[in-house]
């Protein structure tokens with residue numbers, strides 16, 4: 166099995182399984198965890214669109230050096246989730262806490 170196919174399978178099955186695990190008891194997690202979770206979900210969802218489009222190109226149109234199709238079709242869903250998690254984590258760490266958390270902690 167080629168590394169591209171392994172990346173495709175991990176992107177299709179392992180990343181959603183990790184996101185399912187990471188979303189468990191999400192309200193009790195820190196702001197950084199929630200930001201990383203939603204960043205990964207959004208990035209994986211958005212990455213699935215070009216991955217599906219690349220998968221639907223007919224094989225007749227593929228070239229021998231067609232690296233963009235390989236990147237979009239095989240690797241994008243696997244690589245986009247950690248990148249989105251990192252961006253979501255950084256964004257959540259800079260933002261002030263939501264209003265419901267400010268009022269809950271004052272009691």
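In my numbering, the protein residues as written are 166 to 272.
From the three backbone atoms N, C-alpha and C, an ideal C-beta is built for every residue, glycine too.
Check: Given residue 213, which residues of its chain have a CB within under 8 angstroms of its CB, disregarding the five upstream and five downstream residues?; Outcome: 242
Check: How long is the line joining the alpha carbons of residue 194 and residue 200, rounded to whole angstroms?; Outcome: 10 angstroms
Check: Is there contact between the stretch 246 to 253 and the stretch 201 to 210, where contact requires at least three CB pairs shorter than 8 angstroms?; Outcome: yes
Check: Examine chain B for any beta-carbon lying closer than 8 angstroms to the beta-carbon of residue 255, and answer yes or no.; Outcome: Annotation note: the requested chain B is absent from the structure, which comprises a single protein chain.
Check: With C-beta atoms as the reference, is residue 219 less than 8 angstroms away from residue 238?; Outcome: yes
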